[in-house]
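Numbering (the numbering used here), first residue to last: 975 to 1266. Note sheet for the following structure.
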Amino acid sequence: MRSTAYERDDVTAWDVARPARTGRAAGVSMAGFGVRSLAGVGLRMVPHPAVMLAVEFGDGTPFVDDAAGRQHRGSLVAGLGVGFGGAVRVRGENVECVQVRLSPTVARAILGVCPAELESVVVTLEDLWGREASRIREQLGDATSWTDRFVLIDAVLARRREAASPVDPEVAWAWHRIAVSRGLVRIDHLAAEVGWSRKRLWSRFHSQIGLPPKRAAKLVRFDHAAHRLVAGEGAARVAADSGYADQSHLHRDVMTFTGVTPSTLAGEPWLAVDDTAWPSRRSDLRRQLSTT
């Protein structure tokens, strides 16, 4: 399925494809993107509580300018928190890619690297997978449909996950509690729930997920608030419903994560495209808003 997800003067169009069914690898979601132009300074990358994998193919090449002033090109992996402060930009023309969002509980197994090494950084897929990254790119280019590309990527991810050890069940449980609470669970309560000391939870969680528990919770809370702003909710209501002390607290958090105000964030195409690329998120959000 293809549809135009977003259009404006400096982003000509996003053409988005979605898989028809859930893949074999749990904790994984994907979408296909064709972007004709990301002109000017590029698209601001907004921090997200998932590890992002973008496998490009075709004639165009995406470029990512990171917070340290480095430029990355080709297929990329972005760790939790990438885009913090609004300093990471994505550019390119005629870009085609399969973008994958990995739950941090499966990212280590699939990527083959400790998530803590990816904290708030961008690396090339070749740095992690070597020649396999080039082979996958060629296979994606040879595929004649988005369905075939999704099947290909799903098989690769499922195989890699099955061949590696999962995170500790206590760590997986702690991440699940943070996610379902939208970042509002108390970290000391998490430690008590899994029977660990706070120090042990912090150490294991950080090494296996990629962020300390408290920072992970703040990222999840921000992400929930950001998508409510994009859905058209007022900042005051979003702040009250998302666990912020007041609207000023929300304003400061959004500025810290993105470098822009809540009103500007609400129009960011990086978030607006979620409505088409990741419809389950927005469907859940709409159901929630309809009952409040």
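Every residue gets a Cβ at the ideal spot worked out from N, C-alpha and C, and that includes glycine. All of these numbers come straight from a predicted model, not from anything done at the bench.
Looking only at its own chain, which residues have a Cβ that is under 6 Å from the Cβ of residue i, when we skip the five neighbours before and after it?
{"i": "Ser-1264", "result": "Caution is warranted here: a pLDDT of 38 is assigned to Ser-1264, below 50, making its placement in the model unreliable, and no coordinate value can be reported."}
{"i": "Leu-1027", "result": "Val-1051 and Val-1074"}
{"i": "Pro-1186", "result": "Trp-1176 and His-1180"}
{"i": "Val-1009", "result": "Trp-988 and Val-1069"}
{"i": "Asp-1258", "result": "Note that Asp-1258 scores 46 on pLDDT, short of 50, meaning its location in the model is unreliable; the coordinates nonetheless yield the value given after this. Cβ within range, chain order: n/a, list empty."}
{"i": "Ser-1077", "result": "Gly-1001"}
Going by C-alpha distance, which of the options is nearest residue i?
{"i": "Leu-1054", "options": "Gly-1104, Ala-1246, Phe-1231 and Arg-1133", "result": "Phe-1231"}
{"i": "Trp-1149", "options": "Arg-1195, Arg-992 and Ser-1108", "result": "Arg-1195"}
{"i": "Lys-1192", "options": "Ala-1146, Ser-1155 and Ala-1129", "result": "Ser-1155"}
{"i": "Val-1069", "options": "Gly-1006, Ser-1181, His-1198 and Thr-1118", "result": "Gly-1006"}
{"i": "Arg-1202", "options": "Ser-1237, Ser-1171 and Trp-1170", "result": "Ser-1237"}
{"i": "Arg-1178", "options": "Val-1056, Ala-1090, Ser-1108 and Gly-1241", "result": "Ala-1090"}
{"i": "Ala-1000", "options": "Ala-1129, Val-1056, Ser-1108 and Met-1019", "result": "Ala-1129"}
{"i": "Arg-1133", "options": "Ser-1222, Asp-1249 and Gly-1086", "result": "Gly-1086"}
{"i": "Gly-1169", "options": "Val-1145, Glu-1093 and Ala-1209", "result": "Val-1145"}
{"i": "Ala-1213", "options": "Leu-1158, Ser-1171, Arg-1151 and Leu-1102", "result": "Leu-1158"}
{"i": "Arg-1082", "options": "Val-1056, Ser-1108, Ala-1138 and Ala-1209", "result": "Ala-1138"}
{"i": "Thr-1098", "options": "Asp-1116, Val-1204, Pro-1143 and Asp-1040", "result": "Asp-1040"}
{"i": "Gly-1241", "options": "Gly-1206, Asp-1227 and Ser-1216", "result": "Gly-1206"}
{"i": "Gly-1043", "options": "Ser-1049, Val-1056 and Ala-1061", "result": "Ala-1061"}
Looking at the structure shown, is residue i part of a helix, part of a strand, or coil, going by DSSP?
{"i": "Ala-1042", "result": "coil"}
{"i": "Asp-1248", "result": "helix"}
{"i": "Asp-1258", "result": "Since pLDDT at Asp-1258 reaches only 46, below the 50 mark, its modelled position is unreliable, and no value is offered."}
{"i": "Trp-988", "result": "strand"}
{"i": "Pro-993", "result": "coil"}
{"i": "Pro-1253", "result": "helix"}
{"i": "Leu-1263", "result": "Here Leu-1263 scores only 38 on pLDDT, less than 50, and its place in the model should not be relied on; the value that follows carries that caveat. Leu-1263: helix per DSSP, three-state reduction."}
{"i": "Val-1096", "result": "strand"}
{"i": "Arg-1109", "result": "helix"}
{"i": "Glu-1091", "result": "helix"}
{"i": "Val-1154", "result": "helix"}
{"i": "Ile-1183", "result": "helix"}
So residue i is in the alpha helix (DSSP H); what residue range does that whole segment cover?
{"i": "Leu-1099", "result": "1099–1103"}
{"i": "Met-1019", "result": "First-last for Met-1019: undefined, no H or E at that position."}
{"i": "Ala-1200", "result": "1187–1204"}
{"i": "Ala-1210", "result": "1209–1215"}
{"i": "Ser-1171", "result": "Looking at the DSSP string, Ser-1171 is not in any alpha helix (DSSP H), and its letter there is neither H nor E."}
{"i": "Thr-1121", "result": "1120–1136"}
{"i": "Val-1141", "result": "Looking at the DSSP string, Val-1141 is not in any alpha helix (DSSP H), and its letter there is neither H nor E."}
{"i": "Arg-1237", "result": "The displayed chain sequence assigns Ser, not Arg, to residue 1237. Here the alpha helix (DSSP H) through Ser-1237 covers 1236–1239."}
Could you check whether the Cβ of residue i sits closer than 8 Å to any Cβ belonging to chain D?
{"i": "Arg-1226", "result": "The structure shown has no chain D; it contains just one protein chain."}
Name the DSSP bridge partner or partners of residue i?
{"i": "Arg-1075", "result": "Ser-1003 and Met-1026"}
{"i": "Val-1080", "result": "In the DSSP output, where bridge partners are listed per residue, Val-1080 has none listed."}
{"i": "Phe-1037", "result": "Arg-1047 and Arg-1065"}
{"i": "Phe-1231", "result": "BP columns for Phe-1231 are empty, so no partner."}
{"i": "Phe-1031", "result": "Glu-1070"}
Near residue i, what residues of its chain come up, given a Cβ to Cβ distance below 8 Å and the 5 sequence neighbours on each side ignored?
{"i": "Phe-1037", "result": "Gly-1016, Gln-1045, His-1046, Arg-1047, Val-1064, Arg-1065 and Gly-1066"}
{"i": "Pro-1253", "result": "Arg-992"}
Leaving out five residues on either side along the sequence, give the residues of the same chain with a beta carbon under 7 Å from the beta carbon of residue i.
{"i": "Leu-1114", "result": "Val-1029, Phe-1031, Val-1072, Arg-1123 and Leu-1126"}
By the DSSP assignment, the beta strand (DSSP E) with residue i in it spans what residues?
{"i": "Val-1051", "result": "1050–1052"}
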